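Student:
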Ligand code: PIT
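Residue numbers (my numbering): 70 to 262.
Structure follows, in structure tokens:
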């Protein structure tokens, strides 16, 4: 069980649409991870959740959060993930007021690399927004890696042939073709089909 292998901290690392995340230290290796705790009671759709885990376990890219292991007890399911301490891209944009062109280029190239990789694995994210990119460390923008999080709305797709109809995403950011109910992977880059 989780409690046997990790020491969990009480303080929350972050709170998002994805639930609450805190730090935990492995008793064996002392490595510090992020743990997302999901109460089973609040789980509307177990199959969706299983798919989220399957997708995250597949992903292996420097700009996508890593899922290392999962635990389950009577009340909760726990996801042991890579620890990011640098906060959301959203907050960094607000703090800085504006980005220089070289800074924006660094951010965009990391985002596009992650999306290109995800799509090459036939996975679309469907909820990309500045809240769902975390900086790995608190170092400067130019030295800290960006990581995509929250695969709660992600799904598999069949390239070239399949169009999706499920309306998923966040109102302020969702691509127009998603609202129209006919879209493909291009919804992750905002472009209409
Ligand atoms: C961290 C630090 C933090 C939040 C998270 C990770 C959240 C990650 C996450 C990733 C997912 C997901 C839900 C939450 O579905 O403040 O290291 O893929």
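Every residue, glycine too, gets a C-beta built ideally from N, C-alpha and C. Since we're looking at a predicted model, the values are computed, not measured.
To the nearest angstrom, how far is it from the Cα of residue 173 to the Cα of residue 129?
Tutor: Their backbone Cα atoms lie some 24 Å apart in a straight line.
Student: Mapping DSSP to helix, strand and coil, what is residue 100?
Tutor: Three-state DSSP puts residue 100 in coil, outside helix and strand.
Student: Just the C-alpha distance for residue 73 and residue 96, rounded to the nearest angstrom, thanks.
Tutor: Rounded to whole angstroms, residue 73 to residue 96 spans 8 Å at the Cα level.
Student: Quick one: residues in its chain with C-beta nearer than 6 Å to the C-beta of residue 151, no 5 flanking neighbours on either side, listed in chain order?
Tutor: Here the set comprises 134 and 135.
Student: Indicate whether residue 184 and residue 76 have their beta-carbon atoms separated by less than 8 Å.
Tutor: Cβ distance not < 8 Å, so residue 184 and residue 76 don't count as in contact.
Student: For a quick check, are the C-beta atoms of residue 147 and residue 71 less than 8 Å apart?
Tutor: Their beta carbons are under 8 Å apart, which means residue 147 touches residue 71 by this criterion.
Student: Counting along the chain, where does the beta strand (DSSP E) carrying residue 204 start and finish?
Tutor: Note, residue 204: beta strand (DSSP E), 202–204.
Student: Report whether the distance from the Cβ of residue 220 to the nearest heavy atom of ligand 1 is below 7 Å.
Tutor: For ligand 1, at least one heavy atom lies less than 7 Å from the Cβ of residue 220.
Student: Quick check on residue 241: buried or exposed, where buried means 16 or more other Cβ atoms within 10 Å of its Cβ?
Tutor: Its Cβ having fewer than 16 others within 10 Å, residue 241 is exposed.
Student: Is the closest heavy atom of ligand 1 to the C-beta of residue 250 under 7 Å?
Tutor: False, no ligand heavy atom lies under 7 Å from that Cβ.
Student: With a cut-off of 8 Å, do at least 3 Cβ pairs link the stretch 88–107 to the stretch 177–194?
Tutor: No: the two stretches stay apart, fewer than three of their Cβ pairs being nearer than 8 Å.
Student: Does residue 144 pass the burial test, meaning 16 or more other C-beta atoms within 10 Å, or should it be called exposed?
Tutor: Residue 144 should be labelled exposed.
Student: Do you know whose CA, among 84, 238, 218 and 104, lies nearest residue 141's CA?
Tutor: Cα-wise, what sits closest to residue 141 is 104.
Student: Pull up the distance between the alpha-carbon of residue 139 and that of residue 167, whole angstroms please.
Tutor: Between residue 139 and residue 167, the C-alpha separation is close to 38 Å.
Student: Any beta-carbon of chain C closer than 8 Å to the one on residue 74?
Tutor: As a matter of chain content, chain C is missing from the structure shown, which is built from one protein chain.
Student: Check whether the Cβ atoms of residue 195 and residue 224 sit closer than 8 Å, and answer yes or no.
Tutor: Yes. Within cutoff.
Student: So for residue 111, helix, strand or coil by DSSP?
Tutor: Residue 111 falls in the helix class under three-state DSSP.
Student: Applying the 10 Å Cβ sphere with the 16-neighbour rule, what's the burial state of residue 79?
Tutor: The residue is exposed, with fewer than 16 neighbouring Cβ atoms inside 10 Å.
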